[in-house]
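What follows is a single structure, written as structure tokens, with notes after it.
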Amino acid sequence: MSDLPRPEALFANIDYTPPKADWMDVPTVIKPGRYCYAANPDSVNYVGLPHAHKWNPLDDDWGLPENWQEIIFNGLRERLHKFRSFKIFMDICVRCGACADKCHFFIGSGDPKNMPVLRAELLRSVYRGEFTTFGKILGRFAGGRKLTADVLKEWWYYFFQCSECRRCSVFCPYGIDTAEITIIGRELLNLIGLNIDWIATPVANCYRTGNHLGIQPHAFFDMIDFFCDDIEDITGIRPEPSFNKKGADILFITPSGDVFADPGTYTCMGYLILFEYLKREYGLDVTWSTYASEGGNFGFFTSHETMKRLNSKMYMEAKRLGAKWILGGECGHMWRVIHQYMDTLNGPDFQGSHMETPVNPITGTVFKNAAGTKMVHIAEFTADLIKHGKLNLNKKRNANIHLTWHDSCNPARGMGLLEEPRYVARNVVEKFTDMPEGTIREQTFCCGGGAGLNAGENDELRMMGGLPRANAVKYVHEKYGVNMLGCVCAIDRAVLPNSMEYWVPEVDVCGLHELVGNALVFPGEKERETDLRGEDLPGEDE
Amino acid sequence: MDVHSFLTDHQNSLVAQWADALFQTYPEEGAKFFSGSKNQFANPAGHTFRTNLDIIFRTLASGQGAAACTKELDEIMRIRAVQGFSPSVALCFLPALKEIVLREAVKIFPDKSVDELLRDWNRTVDQLIMLGFDLYVNCREILWQQKANQLYNRTHKLLERANLLKEEVAG
Ligand code: SF4
Ligand code: SF4
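Quick mapping for you: the protein sequence lines, in order, are chains A and B. Take 9 as the starting number for the first sequence in this note's numbering and just add one per residue. Take 182 as the starting number for the second sequence in this note's numbering and just add one per residue.
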């Protein structure tokens with residue numbers, strides 16, 4: 009039977025006989041649905057990133073500068089010197105394979121170059137082949153190779169198939185963080201103008217107007233005003249938020265996705281309701297900024313310098329307004345930057361001189377964990393209020409919801425925010441069921457669209473990478489009747505609705521503070537008939 | 182021995198070969214992973230493939246039509262439809278089932294006209310192929326629809342919120 013053709017091959021014109029070859033010999037084929045469009049040169053220029061040019065990933069010629077190899081080598085040398093972690097990650101991997109099957113993109117696709125160990129090897133092989141004596145002499149025998157145009161394309165294709173989620177790093181006995189290797193890989197690609205538009209244009213917008221969508225202050229104000237109209241219709245109470253208020257105690261910053269994209273908008277309404285309640289009950293003084301109108305930081309996906317520039321606006325605005333500290337909304341990458349990189353980028357003076365270690369003025373809780381960053385996550389803030397009995401919550405308003413919790417990679421794995429959102433959630437819904445072990449908390453699966461991969465044209469990659477997360481949701485849906493997936497990240501709220509529609513259509517997606525907004529009861533408030541989405545509330549006796 | 186007994190007696194080996202035909206469409210490392218780990222959360226694709234192919238085979242072998250396997254086949258097609266395969270490769274494991282059964286059947290029924298014996302079975306597999314095709318296209322349509330909605334929502338909402346739509350046409 010062995011000389012017969014394989015049954016599956018008889019019926020399909022399999023142009024791709026899955027190669028048994030060494031990975032270095034498998035050519036990279038860039039497939040639609042799995043890559044994002046090239047960056048608009050105007051956006052690249054706007055923030056002064058090098059070698060802005062028009063190019064198309066599907067063309068043979070990517071319009072590279074003549075000395076592109078030299079630029080990459082110099083860039084690599086500089087980073088090996090500057091980032092000790094990167095140098096160590098290049099040297100110490102023993103290829104034990106513990107990380108190999110931990111990446112959602114590999115788990116979903118079966119494409120070996122999506123195994124973290126191999127993703128890192130794409131860059132590591134060039135480091136060996138071009139920078140180490142052994143590799144230079146022994147070449148492939150020492151796992152080294154030369155940097156060719158094909159290798160560069162392979163880098164580009166696979167470094168933009170990594171959502172920098174760090175799941176793989178949890179399983180590596182040496183703590184090698186492949187996300188860090190992707191970050192450096194993308195930085196190197198940026199040196200020769202090879203970014204994607206879903207990153208470059210939001211970065212340029214953010215630099216110009218303060219948010220990813222390029223929304224100007226009056227439009228930002230109008231949107232929030234529009235939410236206040238809706239809240240008034242639903243609750244009978246009209247929030248009166250303050251904007252750019254000098255001398256406010258607290259500056260609030262959230263991703264612009266919450267202001268402009270459903271279902272994040274309902275979470276935004278939740279913030280507004282919470283702040284209005286706290287103002288009326290306890291005199292809390294929070295202000296929104298129409299300049300620092302973005303928490304997300306896509307600079308993180310271009311270079312450390314760009315990340316620093318975009319991050320700085322939050323602190324410059326806090327200084328301008330004289331705020332004591334910053335309250336941060338339900339965002340993903342914002343928190344990763346704040347928690348992991350900002351202190352090193354800025355030095356403590358930049359964040360600290362004019363601000364205080366955050367104290368909740370209502371409960372007196374000192375957020376010592378935020379002494380350096382002066383920035384508190386809203387899940388911590390709300391959890392603290394609930395713990396001290398400061399909120400009047402009626403879970404019955406969320407009685408039609410059976411919630412499960414998606415630990416968003418950056419707040420969960422990047423900063424350890426695991427309990428606070430669950431604590432808040434359990435206080436605002438009646439039914440809460442966690443997904444199985446190995447799919448949540450530190451080991452949470454990425455939504456599939458992190459690190460700038462949520463472009464429309466990249467949908468297949470995202471669906472495939474979203475499979476492990478969706479599969480665990482499907483399990484709790486079928487077994488326990490879960491019908492809502494909660495999260496604290498604007499990218500999640502953009503990615504997961506489509507993912508759910510595809511994999512588990514019976515499950516919807518929401519942010520934490522949408523549920524808080526639904527449950528919060530103002531003194532003397534009129535009977536609500538609908539939730540923040542305008543859907544009928546479940547009957548009180550149900 | 183009749184065809185029904187043949188299918189049930191050889192169930193395990195036939196399903197294993199069938200699953201193998203599916204796994205063989207992936208690169209070596211991918212196939213190894215999908216066919217390896219049995220954990221349904223760590224290896225959702227492999228787990229779905231193995232479990233559902235088994236159910237589908239048993240259902241068809243028991244004489245029920247392909248429609249009885251819609252849920253199981255749909256779960257497989259949802260995965261195959263987003264893995265970058267051309268449609269023919271995404272579906273090729275379905276007709277492979279005929280070939281796998283035929284190759285085993287000729288060993289058991291050497292004297293008989295196997296084609297004749299397997300006529301009903303082959304017809305059922307044909308139904309399964311057609312069903313697979315419908316399900317595959319349905320998956321792709323969801324993706325296209327999502328893209329279309331995204332564009333529509335983006336422009337429509339902005340226009341609506343900028344009060345640039347007249348109420349009578351906006352609804
Ligand atoms: S787990 Fe760590 S040491 Fe093992 S292959 Fe992965 S990166 Fe290398
Ligand atoms: S960081 Fe996340 S996306 Fe990147 S290789 Fe590791 S597991 Fe995969």
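The beta carbon of each residue, even a glycine, is placed where N, CA and C say it ideally should be. This structure is a prediction, so every number in the text was calculated from the model and none was measured.
For A/L399, no alpha helix (DSSP H) run applies, since DSSP gives it neither H nor E. Under the Cβ distance rule, B/A200 does not count among the residues neighbouring chain A, no pair being separated by less than 8 Å.
The beta carbon of B/N224 falls within 8 Å of a beta carbon belonging to chain A, placing the residue at that interface. Using a Cβ-Cβ cut-off of 8 Å, A/P120 counts as an interface residue toward chain B, since at least one Cβ of chain B sits closer than that to its own.
Residue pairing for B/S218: DSSP places it in no beta bridge.
In the structure shown, A/A29 adopts coil according to DSSP, grouped into three states. Pairwise C-beta distances place the segment 302-311 of chain A out of contact with the segment 386-398 of chain A, as fewer than three of them are shorter than 8 Å. Remark: the shortest separation between the CB of A/K110 and any heavy atom of ligand 2 falls under 7 Å. At a cut-off of 8 Å between beta carbons, A/K28 contacts chain B.
Interface residue (Cβ-Cβ distance to chain A less than 8 Å): B/C273 is classified as such. Taking a beta-carbon distance threshold of 8 Å, A/P15 counts as an interface residue toward chain B. A/E302 and A/S250 do not touch by the CB rule: their CB atoms are close to 19 Å apart, not below 8 Å. Contiguous alpha helix (DSSP H) elements confined to the segment 266-342 of chain B occur at 268-272, 274-289, 295-298 and 300-342, taking only those with 4 or more residues. Shown here, A/A150 sits in a helix according to DSSP, grouped into three states. Here B/Q264 is buried: its Cβ has 16 or more other Cβ atoms, across all protein chains shown, within 10 Å. Interface residue (Cβ-Cβ distance to chain B less than 8 Å): A/P444 is classified as such.
Taking B/G217 as the centre and dropping the five residues before and after it, the same chain places the C-beta of N224 and G227 closer than 8 Å to its C-beta, in chain order. Proximity of the segment 415-432 of chain A to the segment 330-350 of chain A meets the contact definition, three or more beta-carbon pairs being nearer than 8 Å.
Residue contact check for A/M508 against chain B: no CB pair falls below 8 Å.
Rounded to whole angstroms, the gap between the alpha carbons of A/F453 and A/V490 is 18 Å.
Nearest C-alpha to A/I79 among A/L160, A/L401 and A/F94: A/L160.
Judged by DSSP secondary structure, A/T412 falls within the beta strand (DSSP E) whose first and last residues are H410 to W413. For B/P291, the nearest beta carbon of chain A is not closer than 8 Å to its own beta carbon.
Closest by C-alpha distance to A/G458, out of A/S117, A/P419, A/K144 and A/F260, is A/P419. Beta-bridge annotation (DSSP): A/F251 is paired with A/W296. Its chain contains A478, V481, K482 and H485 as the residues whose beta carbon lies nearer than 8 Å to that of A/V512, once the 5 sequence neighbours on both sides are disregarded; these appear in chain order.
Distance from the CA atom of B/A197 to the CA atom of A/V134, rounded to whole angstroms, is 41 Å. Chain B has a Cβ within less than 8 Å of the Cβ of A/R42. Non-local C-beta neighbours of A/Y182 in its own chain, meaning closer than 6 Å and more than five positions away in sequence, comprise I100, ordered along the chain. As a beta-bridge residue in DSSP terms, A/M492 pairs with A/L411 and A/D516. Rounded to whole angstroms, the separation of the alpha carbons of A/K332 and A/L202 is 40 Å. Under a 10 Å Cβ-count criterion, A/M443 is classified as buried, with 16 or more other Cβ atoms of the shown protein chains found around its own Cβ. Taken atom to atom, the span from the alpha-carbon of A/G456 to that of A/P58 is near 28 Å. With distances taken between CA atoms, B/F230 lies nearest to B/M258 out of B/M258, B/G244 and B/A286. Close to B/Q192, with beta-carbon spacing below 9 Å, lies no residue of chain A; the smallest spacing is near 17 Å. Between the segment 194-213 of chain A and the segment 141-153 of chain A there are fewer than three inter-stretch CB-CB distances shorter than 8 Å, so the stretches are not counted as touching.
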